[in-house]
Amino acid sequence: MNDIGCSTCCLMNRPLDEALGLISARTGRAEILSDGPHSLFRFEEVCHSFDLRYTVHAPVADINIASENEHLRRAAVGVLCDLAGVCDRIGAERLVVHPGHIWGEEMREFAQAALDRSLDDLAAVQQEVSVRFVVENMGAWDICFFRSPEFLNRLADRNLDFALDVGHAHVNGNLESFLERGGAIHVHLHDNCKSRDDHLACGDGDIDFHRVMAALPPGVTKVVEPNTFQDYERSLEHLGAVISRPC
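And the structure:
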């Protein structure tokens, strides 16, 4: 179970060095939510103090790569490009990116065009960096792009990769479709009861993690996105039990 990492999202009340210290005592992989007190633009050097394999989650508070305001869209892509450089310096394998959102249905066409331009930009940058951009499927929020497997064609056309958020897919009722489609190289693991995106410990909702874990390809990087570090530890117990269970 040492290959199932923990996101620092559950430890944002602690400095990054304390968060990574807790994670490193339990697993060999950490995903850094590069936002607020864990921003890698301020605390990159902390990463070099730990013997961890890293993935990085791009900032979520101020980033919208589907912004129809071209100045803001370019700024968002610029942040991701700069963060990719940080990822390469710390040896991060994946950089998780949200696909953007809209503020009203009347702007959907313009926002979709903006998102396509951003994906083109990221595809160009991907050729220059080692870290792999992985675009994450979103939950049941109407304002968000990429809620169903059909969006995967947009990524494939650009040689961009996919991060499967199991909880988001379950809320949207299409987890099985995503698993059948395949193609994810990174996975976020957390649970819910399909009514809302609760980020429960694995086993506390009704997701069939035996099915999920059996469907994942061998090389996929796996990270739990819990509400608390205790939920991460409980998730490992549940995932260990389902992995060892016969088919």
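By full-length UniProt numbering, the letter at position 31 of the sequence shown is numbered 31, and the numbering carries on one by one without gaps. The beta-carbon is built from N, C-alpha and C at its ideal position, and this holds for glycine as well.
Relative to T27, the option among F50, D3 and E18 whose CA is nearest is D3. Taking C-alpha positions only, A114 is separated from N69 by approximately 8 Å.
Rounded to the nearest angstrom, the gap between the Cα atoms of H98 and H48 is 26 Å.
A169 and T8 have their C-alpha atoms roughly 21 Å apart. Scanning the region 92-153 from its first residue to its last, the whole beta strand (DSSP E) runs of 3-plus residues come out as 94-97 and 132-136. Counting every other CB atom within 10 Å of its CB across the protein chains shown gives S118 a total of 16 or more, marking it as buried. In this chain, I185 is not harboured by any beta strand (DSSP E), its DSSP state being neither H nor E. A58 sits close to L95, with the two beta carbons spaced by under 8 Å. Within the region 194-233, the complete beta strand (DSSP E) runs of at least 3 residues fall at 221-224. Shown here for A123: same chain residues with a beta carbon closer than 7 Å to its own, the five before and five after excluded, namely R158, N159 and L160 in chain order.
In the three-state reduction of the DSSP assignment, D88 falls in the helix class, which pools H, G and I.
Relative to the Cα of L80, the nearest Cα in the group L22, S34 and P226 belongs to S34. DSSP, read as helix, strand or coil, puts V56 in strand. In its chain, beyond the 5 residues on either side, R94, V134, A163 and T221 have a beta carbon closer than 6 Å to the beta carbon of H186. In the three-state reduction of the DSSP assignment, G5 falls in the strand class, which pools E and B.
Counting the other CB atoms within 10 Å of its CB gives E45 a total below 16, which places it among the exposed residues. A straight line joining the alpha-carbon of A61 with that of D208 spans about 31 Å. Judged by their CB atoms, V166 and L152 are not nearer to each other than the 8 Å cut-off. For N137 against F110, the beta-carbon gap comes to about 22 Å, at or over 8 Å, which does not count as contact.
L16 is positioned such that its CB atom lies no closer than 8 Å to that of F229. When DSSP states are grouped into helix, strand and coil, D17 belongs to the helix group. Contact check for V129 against A76 fails: the beta carbons are separated by 8 Å or more.
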